[in-house]
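Asker:
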Amino acid sequence: MKLKSGIFKHIGIIAVVLFLVSCKGDDDAGGGSDSFDRKAMLANLADNVILPAYDSLTVATNQLHESTEFLIQSTTAENIEQVRTVWKTTLTQWQYAGVYDLGPASDNGLVSFFNLYPVSTIHIEENIASGNYNLESAANINAVGLEAIDYLLFGLETDAEMLATFFTENPDHLTYLIDNTNLLKTKAQTTLSAWQDGYATTFKNASGTDIGSALGQLVNSSIQYLEIHIRDAKIGIPSGARSSSGLPLPLQVEGYYNGSVSKEMLIKGMDGWKNMFNGNSRNGDQGTGLDDYLKFLGTSFDGNPLHEEINGRLTMAANQTEELATDLKTAVVNQQEECLSIFDELQRTIVLLKVDMTSAMGIQITYVDNDGD
Amino acid sequence: MIKISLLALGLSTLLLTSCSEDDDSPATENPPQGYTVPETYNFTDGNGNSTVNFSGQTERLDQLSELTSKMKSANNAGTAISAQDLKDMFANVNNDGNGNFSFTSSKQLRDKCATQFSNAEEVKSEFETMMDDLAAISQATVAGETNGQNGVAGIVQSPDGGPYLMTANGQEYTQLISKGLMGAVFYHQMTSYYLTDAKIGDAVDNSTAVNPGEEKYYTDMEHHWDEAFGYFTSATNFPEEGTDRFWGEYSNVVDPQLGSNAKLMNAFLTGRAAISNDDMTTKNQQRDIIIAEMERVVAATAIHYMNKARDQFANDAKRNHFLSEGSGFISSLRFNTSSTLTPQEINSLEAMLGDNFYEVTISDILSIRDELSDTFGMNAFKNDL
Numbered sequence: 001m002k003l004k005s006g007i008f009k010h011i012g013i014i015a016v017v018l019f020l021v022s023c024k025g026d027d028d029a030g031g032g033s034d035s036f037d038r039k040a041m042l043a044n045l046a047d048n049v050i051l052p053a054y055d056s057l058t059v060a061t062n063q064l065h066e067s068t069e070f071l072i073q074s075t076t077a078e079n080i081e082q083v084r085t086v087w088k089t090t091l092t093q094w095q096y097a098g099v100y101d102l103g104p105a106s107d108n109g110l111v112s113f114f115n116l117y118p119v120s121t122i123h124i125e126e127n128i129a130s131g132n133y134n135l136e137s138a139a140n141i142n143a144v145g146l147e148a149i150d151y152l153l154f155g156l157e158t159d160a161e162m163l164a165t166f167f168t169e170n171p172d173h174l175t176y177l178i179d180n181t182n183l184l185k186t187k188a189q190t191t192l193s194a195w196q197d198g199y200a201t202t203f204k205n206a207s208g209t210d211i212g213s214a215l216g217q218l219v220n221s222s223i224q225y226l227e228i229h230i231r232d233a234k235i236g237i238p239s240g241a242r243s244s245s246g247l248p249l250p251l252q253v254e255g256y257y258n259g260s261v262s263k264e265m266l267i268k269g270m271d272g273w274k275n276m277f278n279g280n281s282r283n284g285d286q287g288t289g290l291d292d293y294l295k296f297l298g299t300s301f302d303g304n305p306l307h308e309e310i311n312g313r314l315t316m317a318a319n320q321t322e323e324l325a326t327d328l329k330t331a332v333v334n335q336q337e338e339c340l341s342i343f344d345e346l347q348r349t350i351v352l353l354k355v356d357m358t359s360a361m362g363i364q365i366t367y368v369d370n371d372g373d
Numbered sequence: 374m375i376k377i378s379l380l381a382l383g384l385s386t387l388l389l390t391s392c393s394e395d396d397d398s399p400a401t402e403n404p405p406q407g408y409t410v411p412e413t414y415n416f417t418d419g420n421g422n423s424t425v426n427f428s429g430q431t432e433r434l435d436q437l438s439e440l441t442s443k444m445k446s447a448n449n450a451g452t453a454i455s456a457q458d459l460k461d462m463f464a465n466v467n468n469d470g471n472g473n474f475s476f477t478s479s480k481q482l483r484d485k486c487a488t489q490f491s492n493a494e495e496v497k498s499e500f501e502t503m504m505d506d507l508a509a510i511s512q513a514t515v516a517g518e519t520n521g522q523n524g525v526a527g528i529v530q531s532p533d534g535g536p537y538l539m540t541a542n543g544q545e546y547t548q549l550i551s552k553g554l555m556g557a558v559f560y561h562q563m564t565s566y567y568l569t570d571a572k573i574g575d576a577v578d579n580s581t582a583v584n585p586g587e588e589k590y591y592t593d594m595e596h597h598w599d600e601a602f603g604y605f606t607s608a609t610n611f612p613e614e615g616t617d618r619f620w621g622e623y624s625n626v627v628d629p630q631l632g633s634n635a636k637l638m639n640a641f642l643t644g645r646a647a648i649s650n651d652d653m654t655t656k657n658q659q660r661d662i663i664i665a666e667m668e669r670v671v672a673a674t675a676i677h678y679m680n681k682a683r684d685q686f687a688n689d690a691k692r693n694h695f696l697s698e699g700s701g702f703i704s705s706l707r708f709n710t711s712s713t714l715t716p717q718e719i720n721s722l723e724a725m726l727g728d729n730f731y732e733v734t735i736s737d738i739l740s741i742r743d744e745l746s747d748t749f750g751m752n753a754f755k756n757d758l
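Structure below.
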């Protein structure tokens with residue numbers, strides 16, 4: 001209760017700040033009255049963070065598609081292992097690209113198609129059996145993407161030799177695998193092209209802080225991504241933090257059939273998120289990001305600079321994850337308390353972002369659905 | 374805790390008001406000469422008697438509010454609603470919706486439904502068929518169960534979404550009926566009846582008070598204009614109030630991009646002042662502004678819901694809910710007799726969405742959005758709606 005009343009107080013402040021900001025209305029780019037060079041920040045994010053993330057994702061999905069198509073002519077254990085390796089690479093690249101759920105990514109539904117879990121193996125098998133499916137249909141959301149591929153690569157047979165034999169004897173399963181890799185390849189490529197063919201410019205030029213601005217969209221989509229796809233999906237739901245019984249749900253981990261990637265992907269997911277926040281490229285180059293904007297604004301929390309507090313909590317969560325003895329599938333059962341404490345750390349980070357950061361920047365949270373009807 | 378929120382709300386309202394001078398003042402681009410336009414919808418005759426009355430419209434808005442609440446009650450698993458109750462509310466049987474309204478009124482929604490179309494009876498029975506279907510699927514829900522899914526009618530709930538009662542095809546009839554009636558009754562009566570030449574044209578009487586003995590101090594023309602206004606909002610001080618339901622609410626939703634609140638309110642105020650001052654030219658200009666802007670509000674709201682459905686594509690409850698709302702607004706477009714889109718074009722937009730909202734694709738959703746934004750010149754801000 002105490003925490004909640006704190007939040008409400010902050011929301012009140014945000015509301016007032018927002019309206020104050022909206023009254024100024026003398027900035028062509030739409031809101032934002034300070035002298036921070038947001039345009040430079042957006043340019044860094046677009047050129048050095050976002051575009052490279054989509055580029056890497058596109059390379060990975062192309063390889064994934066090629067390697068699965070190659071299985072048609074050569075269904076060997078070696079080639080199966082190759083596909084499995086590229087699957088993991090693609091899943092890793094996704095951790096760095098997923099956070100940008102705006103513009104072309106939303107028009108292509110990347111977060112819906114790439115990596116939602118758990119998938120329904122019954123639905124996947126039904127699709128394969130009927131041979132009649134449109135993977136783009138909303139009805140197939142629980143039967144597509146990297147997690148459907150996880151099932152096809154690791155859930156049917158563990159041994160690569162056996163899986164090779166399985167695909168030879170069940171070519172419809174292989175077809176379904178290839179259709180999925182093709183779907184991801186197309187979506188990654190389309191998104192990258194849209195960024196290259198104009199959206200990057202649109203993004204850089206929308207340098208205000210109002211609802212339609214690049215920053216407004218980035219802040220909203222990235223916090224929502226952190227809430228739904230990192231905090232809840234990766235750790236909250238499997239550890240039982242999101243169910244009424246509180247019991248761990250190991251079936252709900254990322255890459256369940258592979259069984260040994262969920263811990264690493266949680267760390268990578270947080271790392272990808274931090275790259276966005278800090279404007280850092282994958283090779284570690286430190287560019288201008290939201291952290292620099294907060295530094296410029298001089299925002300503090302509990303006596304510390306807010307951006308340090310946010311980075312500190314994310315690092316803490318990553319360190320705690322690193323210390324888990326096993327993959328999450330086992331850890332949520334054997335080390336549930338430790339898992340819940342990672343969840344808590346993320347939860348606290350989100351409050352700082354959603355309340356303190358947005359009010360300092362004058363950004364309105366718009367994704368909370370208050371559609372009363 | 375609540376106090377703090379309310380305080381914040383109060384403060385923000387104050388701030389809103391304080392910075393609204395620029396865009397909410399009733400001044401038009403070419404302010405009429407020789408008479409003033411008030412800031413709120415209050416007009417009086419030479420003796421100071423109010424000439425404004427749109428109580429019949431307010432009563433119909435109240436009826437749709439309560440009809441919608443009744444339908445929404447079926448979103449709670451285990452709550453069955455009766456088709457007869459819904460139809461009695463639609464036709465306002467016995468002046469109180471046969472006991473279903475909390476108030477009495479001599480007006481009804483049904484006899485104002487699609488009146489300007491030759492197939493009005495067909496439209497009414499389409500709504501009543503949906504009421505039958507909604508009631509039927511509500512009978513089958515079981516408390517505590519959320520079994521609605523592709524192919525199965527029932528309660529659909531997903532994280533942060535719902536519960537909503539949906540058909541086996543993911544359509545939420547409550548929204549289709551509620552938004553549909555906003556189109557078939559309110560929008561239709563406003564654009565295609567009261568704001569037509571038959572009701573406010575230059576030949577309509579504008580010199581005689583209808584019946585001062587019954588406190589009807591208004592002329593026919595004034596009254597008809599007021600009735601159009603009453604279908605837009607019940608608040609004489611819109612948008613300070615009146616953004617809570619129906620067209621006032623949705624104008625407010627798309628106002629950041631369209632500036633529709635001020636455009637519509639200014640046009641209603643200016644046109645009404647023009648009528649009271651016998652300035653027919655200004656009245657006719659304002660009428661045209663209202664009809665065009667209302668259509669833009671309908672289209673922009675449909676775009677808004679297509680965007681929301683895209684953003685919640687993987688969430689069955691939310692996506693289908695938003696598509697049901699959007700679909701209701703798309704179908705509303707046809708109830709304007711001077712509609713920009715032909716009935717065939719509106720049919721084809723609906724066909725793009727398909728019959729089964731569970732099986733929609735993002736490209737279906739975006740095609741509809743882009744078709745609307747091309748038609749109404751909203752490409753520059755379609756993503757922000």
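As they're listed, the protein sequences go chains A and B. Quick note on this note's numbering: the first sequence kicks off at 1 and runs consecutively. Quick note on this note's numbering: the second sequence kicks off at 374 and runs consecutively. Backbone N, C-alpha and C fix where the C-beta goes; we use that ideal spot for every residue, glycine too. Predicted, not measured: the structure shown is a model, and the values here were computed from it.
1. Assuming L352 (chain A) and L306 (chain A) make a contact with CB atoms under 8 Å, what is their CB distance in whole Å?
2. Between the stretch 503-521 of chain B and the stretch 539-546 of chain B, do three or more beta carbon pairs fall short of 8 Å?
3. Examine the Cβ distances between the stretch 632-645 of chain B and the stretch 664-671 of chain B and report whether three or more of them are shorter than 8 Å.
4. Would I211 (chain A) pass as an interface residue toward chain B - the criterion being a Cβ-Cβ separation below 8 Å?
5. Does the CB of F559 (chain B) have a neighbour CB from chain A at under 8 Å?
6. Going along the chain, which residues of the stretch 731-743 of chain B sit with their C-beta nearer than 8 Å to a C-beta in chain A?
7. Below 8 Å, how does it come out for the stretch 263-276 of chain A and the stretch 220-238 of chain A: are there three or more Cβ pairs, yes or no?
8. Leaving out five residues before and five after L177 (chain A) in sequence, what residues of the same chain have Cβ atoms less than 6 Å from its Cβ?
9. Can a CB atom of chain B be found closer than 8 Å to the CB of A138 (chain A)?
10. Which same chain residues end up closer than 6 Å to A601 (chain B) when comparing Cβ atoms and leaving out the 5 residues on each side of it in sequence?
11. Using 8 Å as the threshold, is the C-beta distance between G212 (chain A) and V49 (chain A) below it?
12. Taking only beta-carbon positions, decide if K755 (chain B) is within less than 8 Å of chain A.
13. Within 10 angstroms of its Cβ, does V86 (chain A) collect 16 or more other Cβ (buried), or is it exposed?
14. So, L91 (chain A) versus N79 (chain A), is the Cβ gap smaller than 8 Å?
15. Which two residues bound the contiguous alpha helix (DSSP H) that contains L642 (chain B)?
16. For A164 (chain A) and E323 (chain A), what's the separation of their Cα atoms in angstroms?
17. Using a Cβ-Cβ distance under 8 Å, would G236 (chain A) count as near chain B?
18. Could you tell me whether the Cβ of R692 (chain B) comes closer than 8 Å to any Cβ of chain A?
19. For P305 (chain A), which residues does DSSP report across the bridge?
20. For Y257 (chain A) and chain B, any beta-carbon pair shorter than 8 Å?
21. Near F686 (chain B), which residues of its chain fall below 7 Å by C-beta distance, leaving aside the five closest residues on each side in sequence?
22. Would you kindly work out how many angstroms separate the C-alpha atoms of I365 (chain A) and K354 (chain A), rounded to a whole number?
23. Grouping DSSP H, G and I as helix and E and B as strand, with all else coil, what is D395 (chain B)?
24. Could you pull out every residue in the same chain whose Cβ sits closer than 6 Å to the Cβ of H694 (chain B), ignoring the five residues on either side in sequence?
25. Is it a yes or a no for the stretch 280-297 of chain A touching the stretch 240-256 of chain A, going by three-plus beta-carbon pairs under 8 Å?
26. Helix, strand or coil for S478 (chain B) per DSSP?
27. Give the secondary structure of S697 (chain B) by DSSP, where H, G and I count as helix, E and B as strand, and everything else as coil.
28. Measure the alpha-carbon distance for D747 (chain B) versus G98 (chain A) and round it to whole angstroms.
29. Leaving out five residues on either side along the sequence, give the residues of the same chain with a beta carbon under 8 Å from the beta carbon of K480 (chain B).
30. Is there a Cβ of chain A sitting closer than 8 Å to that of R669 (chain B), yes or no?
31. Does the contact criterion of 3 or more C-beta pairs under 8 Å hold for the stretch 641-650 of chain B versus the stretch 416-424 of chain B?
32. Starting from P104 (chain A), trace the alpha helix (DSSP H) both ways and give me its first and last residue.
33. Taking Cβ-Cβ distances shorter than 9 Å, what residues in chain A pair up with F749 (chain B)?
34. By how many angstroms is the C-alpha of G236 (chain A) removed from the C-alpha of N473 (chain B)?
35. Can you find the residues in the same chain that come closer than 6 Å, C-beta to C-beta, to D728 (chain B), ignoring five residues on each side of it along the sequence?
36. In chain order, what residues of the same chain have a beta carbon less than 7 Å from the beta carbon of N422 (chain B), not counting five sequence neighbours either side?
Answerer: For this structure:
1. Locating residue 352 (chain A) in the first sequence gives position 352, where the first residue counts as 1. Locating residue 306 (chain A) in the first sequence gives position 306, where the first residue counts as 1. Indeed, because the Cβ distance is near 7 Å, the residues count as touching under 8 Å.
2. Yes: the two stretches touch, three or more of their Cβ pairs being nearer than 8 Å.
3. A contact is defined here as three or more CB-CB pairs under 8 Å, and the stretch 632-645 of chain B meets this definition with respect to the stretch 664-671 of chain B.
4. Here the question's residue 211 (chain A) lines up with position 211 in the first sequence. It does; some Cβ of chain B falls within 8 Å.
5. As a working note, residue 559 (chain B) is residue 186 in the second sequence. Any Cβ of chain A closer than 8 Å to the Cβ of F559 (chain B) would place that residue at the interface, and such an atom is absent.
6. Hits within the stretch, in order: Y731, E732, V733, T734, I735, S736, L739.
7. Result yes; three or more Cβ-Cβ pairs closer than 8 Å.
8. Position 177 of the first sequence, counted from the first residue, corresponds to residue 177 (chain A). In its chain, beyond the 5 residues on either side, T68, L152 have a beta carbon closer than 6 Å to the beta carbon of L177 (chain A).
9. Residue numbering aside, residue 138 (chain A) sits at position 138 when the first sequence is read from its first letter. Chain B contact via Cβ: present.
10. For the purposes of this step, residue 601 (chain B) is identified with residue 228 of the second sequence, where counting begins at 1. For A601 (chain B), where only same-chain residues beyond five positions count, the Cβ hits under 6 Å are M563, Y567, L568.
11. For this step, residue 212 (chain A) is matched to residue 212 along the first sequence. For this step, residue 49 (chain A) is matched to residue 49 along the first sequence. Their beta carbons are not under 8 Å apart, which means G212 (chain A) does not touch V49 (chain A) by this criterion.
12. Counted from its first residue, the second sequence places residue 755 (chain B) at position 382. No - not a single Cβ of chain A is within 8 Å of the one on K755 (chain B).
13. One-based indexing of the first sequence puts residue 86 (chain A) at position 86. V86 (chain A) comes out buried.
14. By one-based count along the first sequence, residue 91 (chain A) stands at place 91. By one-based count along the first sequence, residue 79 (chain A) stands at place 79. No, the pair does not count as a contact, with Cβ atoms beyond the cut-off.
15. The residue you call residue 642 (chain B) lines up with position 269 of the second sequence. Looking at the DSSP string, the run of the alpha helix (DSSP H) that includes L642 (chain B) is 633-649.
16. Taking the first sequence and counting its residues from 1, one reaches residue 164 (chain A) at position 164. Taking the first sequence and counting its residues from 1, one reaches residue 323 (chain A) at position 323. A direct Cα-to-Cα measurement between A164 (chain A) and E323 (chain A) gives close to 36 Å.
17. Here the question's residue 236 (chain A) lines up with position 236 in the first sequence. Interface with chain B (8 Å Cβ-Cβ cutoff): G236 (chain A) is excluded.
18. Working through the second sequence from its first residue, we reach residue 692 (chain B) at position 319. Between R692 (chain B) and chain A, the shortest Cβ-Cβ separation is below 8 Å.
19. If you number the first sequence from 1, residue 305 (chain A) lands on position 305. According to DSSP, P305 (chain A) bridges with A:S300.
20. Within the first sequence, numbered from 1, the residue matching residue 257 (chain A) stands at position 257. Closer than 8 Å: no.
21. For this step, residue 686 (chain B) is matched to residue 313 along the second sequence. Excluding sequence neighbours, F686 (chain B) sits near R692, I735.
22. Within the first sequence, numbered from 1, the residue matching residue 365 (chain A) stands at position 365. Within the first sequence, numbered from 1, the residue matching residue 354 (chain A) stands at position 354. Straight across, the Cα-Cα distance linking I365 (chain A) with K354 (chain A) is about 7 Å.
23. For the purposes of this step, residue 395 (chain B) is taken as the residue at position 22 of the second sequence. For D395 (chain B), the predicted structure reports a pLDDT of 41, less than 50, and the residue's modelled location is therefore unreliable. A value from the coordinates is still provided. If DSSP states are grouped into helix, strand and coil, D395 (chain B) belongs with the helices.
24. Taking the first residue of the second sequence as position 1, residue 694 (chain B) is located at position 321. Here the set comprises Y537, E545.
25. Not touching, per the Cβ criterion.
26. Walking along the second sequence from the start, residue 478 (chain B) turns up at place 105. Correct three-state label for S478 (chain B): coil.
27. On the second sequence, position 324 is the one that residue 697 (chain B) refers to. Here S697 (chain B) sits in helix by DSSP.
28. In the second sequence, counting from the first residue as 1, residue 747 (chain B) sits at position 374. In the first sequence, counting from the first residue as 1, residue 98 (chain A) sits at position 98. Their Cα atoms are separated by approximately 30 Å.
29. Start at 1 with the first residue of the second sequence, and residue 480 (chain B) comes out as number 107. The answer, listed in chain order, is G429, E432, R433, Q436, N465.
30. Position 296 of the second sequence holds residue 669 (chain B). No, because no Cβ of chain A sits closer than 8 Å to the Cβ of R669 (chain B).
31. With the cut-off at 8 Å, the stretch 641-650 of chain B and the stretch 416-424 of chain B touch.
32. Position 104 of the first sequence, counting from 1, holds the residue named residue 104 (chain A). Membership of P104 (chain A) in the alpha helix (DSSP H) is indicated by the continuous run 104-107.
33. By one-based count along the second sequence, residue 749 (chain B) stands at place 376. Neighbours of F749 (chain B) in chain A, taken as residues whose beta carbon is under 9 Å from its own, are absent, since the nearest beta carbon is some 18 Å off.
34. Here residue 473 (chain B) refers to the residue found at position 100 when the second sequence is read from its first residue. Here residue 236 (chain A) refers to the residue found at position 236 when the first sequence is read from its first residue. In this structure, the alpha-carbon of N473 (chain B) lies about 45 Å from that of G236 (chain A).
35. For the purposes of this step, residue 728 (chain B) is identified with residue 355 of the second sequence, where counting begins at 1. Same-chain partners within the cutoff: N542.
36. Here the question's residue 422 (chain B) lines up with position 49 in the second sequence. Result list for N422 (chain B): Y590, in chain order.
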